[in-house]
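**Student:** Below are the structure tokens for one structure; questions will follow.
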Amino acid sequence: ENMPEELVAYYKIENDSEAELENKGTFGSCPAGVVEGTTEVHTGAPHWGAEVYTCDFIQVQIVAGHTFPTNNLTITQPTEGGTFKVVNAKNEEVTSGEVDQFSALTVIAEPEEGYVLSQVLVNGEVNSGTTFVIEDDTEVTVVFSNKVIVTNTTATGGNVEMFVNDAEEATAFGSEIIRGSKLTFKVTVNEGYELTSFLVNEEEKIGELAENIYTVNSVSDNMTICAVFSKIPTWRVTCNVTGNGSVTISDDESNVYASGSEILNNTFVKLTFIPEENYKIETFTSSNGESLLDQISNNIYEIGAIDSNHTYNVTFGTIVGIDKENIKSISLYYQDGILYVNGIDENATIAIYDLTGKLVKVTEEAPINIADLTKGCYIVKITMGNTDKAMKFIKK
56 ENMPEELVAY YKIENDSEAE LENKGTFGSC PAGVVEGTTE VHTGAPHWGA EVYTCDFIQV
116 QIVAGHTFPT NNLTITQPTE GGTFKVVNAK NEEVTSGEVD QFSALTVIAE PEEGYVLSQV
176 LVNGEVNSGT TFVIEDDTEV TVVFSNKVIV TNTTATGGNV EMFVNDAEEA TAFGSEIIRG
236 SKLTFKVTVN EGYELTSFLV NEEEKIGELA ENIYTVNSVS DNMTICAVFS KIPTWRVTCN
296 VTGNGSVTIS DDESNVYASG SEILNNTFVK LTFIPEENYK IETFTSSNGE SLLDQISNNI
356 YEIGAIDSNH TYNVTFGTIV GIDKENIKSI SLYYQDGILY VNGIDENATI AIYDLTGKLV
416 KVTEEAPINI ADLTKGCYIV KITMGNTDKA MKFIKK
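In this note's numbering, the protein residues as written are 56 to 451.
In structure tokens:
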């Protein structure tokens, strides 16, 4: 058995006596046993050459009580922010003076309005918590504070500014701020990034931001701010152009992009076709060969909000001249869901509009299946070369 490392109390022992002794080495009390034994050098296994303490429990009786050492406790009140008192394990107030060694004492803070307990100092060192144990002469005091400190751990992709009490100029993070102040945090996101998280003391608050602004009406404690930014994915829109004409790639804010350049995710993109004089859009297909010619309106094709790469093939062809007398001879009639157009050549474009002016169908082939159109009156615009002809028909 191991030899006891510490001796915390002395007792006078009488033979053939018994008692329950108080353990003064820990906070509170518990039964303690008393042992008697000897130490000798061991000459056999398993403790060859070691000093071994051998003992047995004995019965004892406290004869004349016991005496424990005392230490001096000094309670020093702070100069501002409030007062405090010290209590023992029985919640009895303890004042400056002699205190039993190993007593566990607790600080009870009484801060003034606007202040909080910041630190408990025991012999000039910061104590962990409000309870401390007397092991030597001890001085205890406290520090009250009416200030808070806000730190910022934001990384790349943007920044956060802090404004105190609606000030026009930002306050640097790490500065001392009067408790109860109003704090406004303004988040600025760099181009090409988006805000994906806004943590306040490691708690997610991104849902509480209004136009990238977060407000604390009355700050009560230290805070840590962390804004997380993520790079926005980019996509490419590529137009392969053949013939005399060009295609402009732009967004809904009139920003123009070169073919194949990077465009931010979810940007609304459209294509504007610009044929040279005496040229027209002859073919317009996607990367898989699907014709998109009938989706062009007023030389504009809307891709929409992009979330992937897009590639298009555009061909501009010459406009074939046509006799104006020929276009006058064009006629049409409707029967059983089919619109028949007579007198057009292979280069004619047929566009159908409703009475509001909305384009509902465009094609270069006739007859035209219009079974999907609702009943009503429609305008048919036939373009051959540089000449147009408009006619009306009624679907019954």
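Positions of the beta carbon are idealized from the N, C-alpha and C atoms, including for glycine.
For Gly431, does the three-state DSSP call read helix, strand or coil?
**Tutor:** Locating residue 431 in the sequence shown gives position 376, where the first residue counts as 1. Reduced to three states, the DSSP call for Gly431 is strand.
**Student:** From Val195 to Glu148, what distance separates their C-alpha atoms?
**Tutor:** To locate residue 195, count along the sequence shown from 1; it is residue 140. To locate residue 148, count along the sequence shown from 1; it is residue 93. So the alpha carbons of these two residues sit roughly 14 Å apart.
**Student:** Just checking my contact of Val255 with Met278 at CB under 8 Å: how many whole Å lie between their CB atoms?
**Tutor:** As a position in the sequence shown, residue 255 is number 200, starting the count at 1. As a position in the sequence shown, residue 278 is number 223, starting the count at 1. That pair is a contact at about 6 Å.
**Student:** Per DSSP, which one or two residues make a beta bridge with Ser346?
**Tutor:** Taking the first residue of the sequence shown as position 1, residue 346 is located at position 291. Thr340.
**Student:** Can you say whether Phe187 is buried or exposed, counting buried as having 16 or more other CB atoms within 10 angstroms of its CB?
**Tutor:** Locating residue 187 in the sequence shown gives position 132, where the first residue counts as 1. That one is buried.
**Student:** Return yes when the Cβ of Thr293 is within less than 8 Å of the Cβ of Ile329, no when it is not.
**Tutor:** On the sequence shown, position 274 is the one that residue 329 refers to. On the sequence shown, position 238 is the one that residue 293 refers to. No. Outside cutoff.
**Student:** Closest to Gln350 by CA distance: which of Thr322, Ser314, Glu419 and Glu231 is it?
**Tutor:** Start at 1 with the first residue of the sequence shown, and residue 350 comes out as number 295. For the residues Thr322, Ser314, Glu419 and Glu231, the minimum Cα distance to Gln350 belongs to Glu419.
**Student:** Do you know whose CA, among Tyr170, Cys432 and Asp400, lies nearest Val481's CA?
**Tutor:** Past the edges of the chain, shown from 56 to 451, lies residue 481, and the structure says nothing about it.
**Student:** Would you kindly work out how many angstroms separate the C-alpha atoms of Thr134 and Pro166, rounded to a whole number?
**Tutor:** Against the sequence shown, residue 134 aligns to sequence position 79. Against the sequence shown, residue 166 aligns to sequence position 111. Approximately 12 Å, taken between the alpha carbons.
**Student:** Look up Lys237 in the DSSP assignment and say whether it is helix, strand or coil.
**Tutor:** Along the sequence shown, one-based indexing puts residue 237 at 182. Coil, per DSSP.
**Student:** Where does Lys325 sit, in a helix, a strand or coil, going by DSSP?
**Tutor:** Taking the sequence shown and counting its residues from 1, one reaches residue 325 at position 270. Strand.
**Student:** Let me check understanding here. Comparing Cα to Cα, which of Thr438, Ser273, Thr370 and Ile437 lies closest to Thr203?
**Tutor:** Residue mapping note: residue 203 aligns to position 148 of the sequence shown, counting from 1. For the sequence presented, residue 203 should be read as Val rather than Thr. Out of Thr438, Ser273, Thr370 and Ile437, Ser273 has the C-alpha closest to the C-alpha of Val203.
**Student:** Per the contact definition of three or more C-beta pairs closer than 8 Å, is the stretch 310 to 327 in contact with the stretch 352 to 359?
**Tutor:** Yes, the stretch 352 to 359 touches the stretch 310 to 327.
**Student:** For the stretch 332 to 352 and the stretch 362 to 369, state whether three or more C-beta atom pairs, one from each stretch, are separated by less than 8 Å.
**Tutor:** Short answer: they touch.
**Student:** Under 8 Å Cβ to Cβ from Ser252, same chain only, skipping five residues before and after it: list those, please.
**Tutor:** Taking the sequence shown and counting its residues from 1, one reaches residue 252 at position 197. Only Glu259, Ile261, Cys281, Ala282 and Val283 meet the Cβ criterion.
**Student:** Would you kindly work out how many angstroms separate the C-alpha atoms of Val435 and Thr373, rounded to a whole number?
**Tutor:** Locating residue 435 in the sequence shown gives position 380, counting from the first residue. Locating residue 373 in the sequence shown gives position 318, counting from the first residue. Rounded to whole angstroms, Val435 to Thr373 spans 23 Å at the Cα level.
**Student:** Give the straight-line distance between the Cα atoms of Asp192 and Gln174, rounded to the nearest whole angstrom.
**Tutor:** Translated into the one-based positions of the sequence shown, residue 192 becomes position 137. Translated into the one-based positions of the sequence shown, residue 174 becomes position 119. If you take the alpha carbons of Asp192 and Gln174, they lie about 20 Å apart.
**Student:** For Glu168, which residues from the same chain have a beta carbon less than 7 Å from its beta carbon, with the 5 sequence-adjacent residues on both sides left out?
**Tutor:** Here the question's residue 168 lines up with position 113 in the sequence shown. So no residue of the chain qualifies.
**Student:** Does Ile261 come out as helix, strand or coil in the three-state DSSP assignment?
**Tutor:** Locating residue 261 in the sequence shown gives position 206, counting from the first residue. Three-state result, Ile261: helix.
**Student:** What does a CB cutoff of less than 8 Å around Lys447 pick up in its chain, not counting 5 residues either side in sequence?
**Tutor:** Within the sequence shown, numbered from 1, the residue matching residue 447 stands at position 392. Only Cys432, Tyr433, Ile434 and Val435 meet the Cβ criterion.
**Student:** Tell whether a beta-carbon distance below 8 Å holds between Ile287 and Leu319.
**Tutor:** Walking along the sequence shown from the start, residue 287 turns up at place 232. Walking along the sequence shown from the start, residue 319 turns up at place 264. Cβ atoms of Ile287 and Leu319: closer than 8 Å.
**Student:** Check this for me: beta carbons of Val142 and Leu172, under 8 Å apart or not?
**Tutor:** Translated into the one-based positions of the sequence shown, residue 142 becomes position 87. Translated into the one-based positions of the sequence shown, residue 172 becomes position 117. Taking 8 Å as the Cβ cut-off, Val142 and Leu172 do not qualify as a contacting pair.
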